[in-house]
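Visitor: After the structure tokens below, expect a handful of questions from me.
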Amino acid sequence: MCLAAIAIGQSKRWPLVIASNRDEFFDRPALPLSQWQSKSGQTMISGRDQRAGGSWFGLTPKGRVALLTNVREPQALAPKNGLLSRGALVMDWLEGAMSANEFMAATNSAAYAGFNLLVGDFESSSWHWISNRKTLAMPEKNNTGWTSQALTPGIYGLSNAALDTPWPKTIALKNSLHKALKHGLNLETTAHEDEPMKAQLWAALADRKPAPTKELPNTGLSPELELALSSAFIEQATHGTEGYGTRVSTLLSVQSSQQAGNWDVVMEEKTHVLHGKPALARCNLHWQN
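In my numbering, the protein residues as written are 338 to 626.
This is the structure:
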């Protein structure tokens, strides 16, 4: 389960900003954000799931980006026997060169539990949300098992339901991203002009306030668990005997460089632990467009 807000093409200074929380069982091992080489020799920037080898959010020096969330369904927190790891989808997109439509055509949607996948290519300015779950607003396309939407410039929210499903925490994070961008654009340019924007987004990702009971979604979980999962930052929700909560908070900002056609890319991650201070990791690179 995860939460993300995505700003695409909302300012010339920051053409792409993503704020995201990754929620997972605390006993599932993972490596923090770093730059590393895949088996095919490609450079990746992401955290890594040590159990299945995939990721939840990553990018490449060539400008490909992928972000994954699970779809919350009855038994959504139970083991997915016989299904492939959804984190592999992030790697497949980052290592490939296919368009979103080609990616869907080459992938068996039924091989995975419910998921949302944001995929993008900064160089071609192509962004899509794809899912293997249909919705009333966006039904399954051509009996392929896929639901998808091309993303035009705007601010989007994504949690454990379809794109822009109005869950309280999704709305709140979208609003925080809008305000942070607006505040940043109103500031004088300084050497650290993105820090006020980032501070607002880190605070939004750390919000532990649960949603009002009357606004809780009904996804097949108990009311107590729905409430525990309703905050942007999940302190610890107990599912059976296992602890579950927000493990990682990530900010991705793409900022215009002084050189035309160049972009400074910063990906920052806070890895959270129970009863301890988060560890911070940061990767910097440049994209050309």
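Every residue gets a Cβ at the ideal spot worked out from N, C-alpha and C, and that includes glycine.
On a predicted model such as this, the values are computed, not experimentally measured, just so you know.
Using the three-state DSSP reduction, which class does L421 fall into: helix, strand or coil?
Guide: Coil.
Visitor: Candidates S357, R385, A356: which alpha carbon is nearest L370's?
Guide: R385
Visitor: Going by CA-CA distance only, name the one from W466, R470, K471, L566 that's closest to Y493.
Guide: W466
Visitor: Going by the DSSP bridge assignment, what does A341 pair with across the sheet?
Guide: S357, L495
Visitor: Considering only the beta carbon of each residue, do F452 and N497 sit closer than 7 angstroms?
Guide: Taking 7 angstroms as the Cβ cut-off, F452 and N497 do not qualify as a contacting pair.
Visitor: Name the DSSP beta bridge partners of F459, please?
Guide: Per DSSP, none; premise fails for F459.
Visitor: Buried or exposed for D458, going by 16 or more other Cβ atoms inside 10 Å?
Guide: By the neighbour-count criterion, in which 16 or more other beta carbons inside 10 Å mark a residue as buried, D458 falls on the buried side.
Visitor: Whose C-beta lies closer than 6 angstroms to the C-beta of T587 among residues of the same chain, with five residues either side of it excluded?
Guide: S357, F394, E606
Visitor: According to DSSP, is T556 part of a helix, a strand, or is it coil?
Guide: Per DSSP, reduced to three states, the secondary structure at T556 is coil, with no helix or strand assignment.
Visitor: DSSP three-state call for S594: helix, strand or coil?
Guide: coil
Visitor: Using 8 angstroms as the Cβ pair cut-off and three pairs as the minimum, do the segment 560-571 and the segment 537-545 touch?
Guide: yes
Visitor: If you follow the alpha helix (DSSP H) that N438 is in, where does it begin and where does it stop?
Guide: 437-443
Visitor: Looking only at its own chain, which residues have a Cβ that is under 8 angstroms from the Cβ of T380, when we skip the five neighbours before and after it?
Guide: Q372, W373, Q374, T397, P398, listed in sequence order.
Visitor: For M534, I'd like the list of residues in its chain whose CB is within less than 6 angstroms of its CB, leaving aside the five on either flank, ordered along the chain.
Guide: A517, G521
Visitor: Which of the three DSSP states is assigned to S375 in this structure?
Guide: coil
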